[in-house]
Structures are given as structure tokens and as C-alpha cells.
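Just remember that this note's numbering sits 1 ahead of the position in the sequence shown, which is counted from 1.
Data block below; observations after.
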Amino acid sequence: MQTGLIRKGRSDTFHGQHHAGGALDIQYALAVPAGSSHFAEAIEWTSTVREAAARLLGSPGVVADQGGLADLLPTNEAALALVTEVITTDGLTPGQDVAIAVDLAATQFAHDGAYHLTREDRVLPTETWLAELATWCSRYPVVSLEDLLAEDDWEGWQQATATAAPAPRRRPLRHPPDRLEHGILRQEGNAVLVKPNQAGTLTRARLVLDRVSVYKRTCTTSYG
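What follows is the structure, encoded as C-alpha cells:
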């Protein structure tokens, strides 16, 4: 019998887009308890980071619809800088104890072949946007980038997968299994995110998970 495991999980620290009235262009900046030894410690560390960030911004601060902080920051990168700062302030080691995952949901701000950062009043072509993300990964303890490009920016996904940036690039999967096949065969993304509610049925989600196993790709599931 296979032993069941509880994933350590991640905790939303900052929210953006429609969850937070457009406070950030990116959707989430999350604390990842990478070095925690057990589930209780993981919860304690991520909670500590979130509360420390709130104090730094000035309690009680602005809270988004799912509990993350929604304060207006000057740039999207500022959210990563702040999370890194509070990890250090609380006596934890960035990257070793607590790392950062970023859910960009880039489809939401991709238009006409470019990425529109409304909060920063900038419009970036794919190549420049990917270079910016690579800079984030070099400056901060980012271990995962989710939905970093528009879901139909096929050439951009190939470029992202070919880069040497250390963070896994998770490909959004909201369509039938044949979309997964298309992306993997074209070397687009190096990890897969499966959301059963967006797949439509548990049966369809199971089919996708089976295909991911065949191709030996890293896979994460999510409710949202």
C-alpha cells in the first residue's frame, strides 16, 4: 500500500490582479517553507512571514479576498523584495528555510503580443519580459514561476524553457490532454500545473495526470 503524504504547501503573502483591486499586475507572491522539517513548522514559518510583512507595511494593512496582503507597492518586484526582507528579519534563511513562488497569471495582462504592466506603466515584449523574470530569479529566492507567459504564447514558452533560470516554469493546464501533448512535444515549460476545477471533471484531470507521469514531468495540483 502506498503511504499518503501531506504537501507542505505554500502561503499567499501578496495578492494582485482582481483578487486585490489591481494592487499588483502579478497574481500572487507566495512563501514556500522549503526547509521545514514537518507540516506544523511549515505553517508556522509561512504565517510568520505573512504577519511580518503586514507589520512592515503598517498593520492592519489592506487584505485581499483570499487573505493575502493587497497594499499598493511601487512595482511588482517590490513584493518579492519585501518577502525576502521579512524572511531575513524573522531569523530565517531566504531560499534555505523559506523561498518564494510567484503566480504571474500573465494571460491576464498579455495583449497584442506584449505584456502590459499597468502598475508600472510599462509594455514589454516577450523577450524583455523573460529577461526581467530571470533578473527576479537571480535577486530573490524564487523557486517557482507559474503562468509566467500567456497560455497561447507558444514561442515564448519555448524561450522560457530554454533559459538557464533556476526556477521551474509551470505551464498552465486548463484544457484537454491534447494541449499537454502539444506543449511537451514543443518543449514548452518544464513543469505542469493541473487544476481539476478548470479541467472540468475529475476524469479529465486524471487523464492529464496520467500523461504527465508518462512524460516524467514535475506536476503540481491546485484548487483554483
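Backbone N, C-alpha and C define an ideal beta-carbon position, used for all residues, glycine too.
Fair warning: this is a prediction, and the values are worked out from it, not measured in the lab.
Distance between residue 205 and residue 89 (C-alpha atoms, nearest Å): Distance between the alpha carbons of residue 89 and residue 205: 42 Å.
C-alpha gap between residue 110 and residue 116, whole angstroms: Rounded to whole angstroms, the gap between the alpha carbons of residue 110 and residue 116 is 6 Å.
Quick one, are the C-beta atoms of residue 46 and residue 93 less than 8 Å apart? For residue 46 and residue 93, yes; Cβs fall inside 8 Å.
Alpha carbon to alpha carbon, how far is residue 215 from residue 55? Give it in angstroms, no decimals. Each residue's alpha carbon lies about 43 Å from the other.
Count the other CB atoms within 10 Å of the CB of residue 156; is the residue buried (16 or more) or exposed (fewer)? Exposed, by the Cβ-count rule.
Helix, strand or coil for residue 174 per DSSP? With a pLDDT of 47 at residue 174, under the threshold of 50, the modelled position of that residue is not reliable, and no figure is offered here.
Output the distance between the C-alpha atoms of residue 28 and residue 102, rounded to the nearest integer angstrom. Cα atoms of residue 28 and residue 102: separation of roughly 11 Å, rounded to the nearest angstrom.
Between 49, 26 and 12, which lies nearest to residue 150 when the distance is taken from Cα to Cα? For residue 150, the nearest C-alpha among the options comes from 26.
Helix, strand or coil at residue 219 [DSSP, three-state]: DSSP places residue 219 within a strand segment (E or B) once states are collapsed to three.
Does the separation of the CB atoms of residue 1 and residue 31 fall below 8 Å? Nothing can be reported for residue 1: it is not among the residues displayed for the chain, which extend from 2 to 225.
Three-state secondary structure (DSSP) of residue 145: Strand, per DSSP.
If you follow the beta strand (DSSP E) that residue 101 is in, where does it begin and where does it stop? DSSP places residue 101 in the uninterrupted beta strand (DSSP E) bounded by 100–104.
Among residues of its own chain, excluding the 5 on either side of residue 121, which ones have a beta-carbon nearer than 6 Å to its beta-carbon? Once the five neighbours on either side are set aside, the close Cβ partners of residue 121 are 76.
If contacts are defined as beta-carbon pairs under 8 Å, then residue 108 and residue 135 qualify, I think. What distance do you get, rounded to the angstrom? No, residue 108 and residue 135 are not in contact; Cβ-Cβ is about 20 Å, not under 8 Å.
Check residue 126 in the structure and name its three-state DSSP category. In the three-state reduction of the DSSP assignment, residue 126 falls in the strand class, which pools E and B.
Can you give me the Cβ contacts of residue 221 inside the same chain, cut-off strictly under 6 Å, excluding the 5 residues immediately before and after it? Cβ neighbours of residue 221 within its own chain (closer than 6 Å, five residues either side excluded): 194.
In the DSSP assignment, the beta strand (DSSP E) including residue 31 goes from what residue to what residue? Start and end: 29–33.
Suppose you measure from the CA of residue 11 to the CA of residue 129; what does that come to, to the nearest Å? Their backbone Cα atoms lie some 28 Å apart in a straight line.
Beta-carbon separation (whole angstroms), residue 104 vs residue 147, contact threshold 8 Å: Indeed, because the Cβ distance is near 4 Å, the residues count as touching under 8 Å.
Taking the straight line between their C-alpha atoms, what separation do you get for residue 53 and residue 207? Approximately 39 Å, taken between the alpha carbons.
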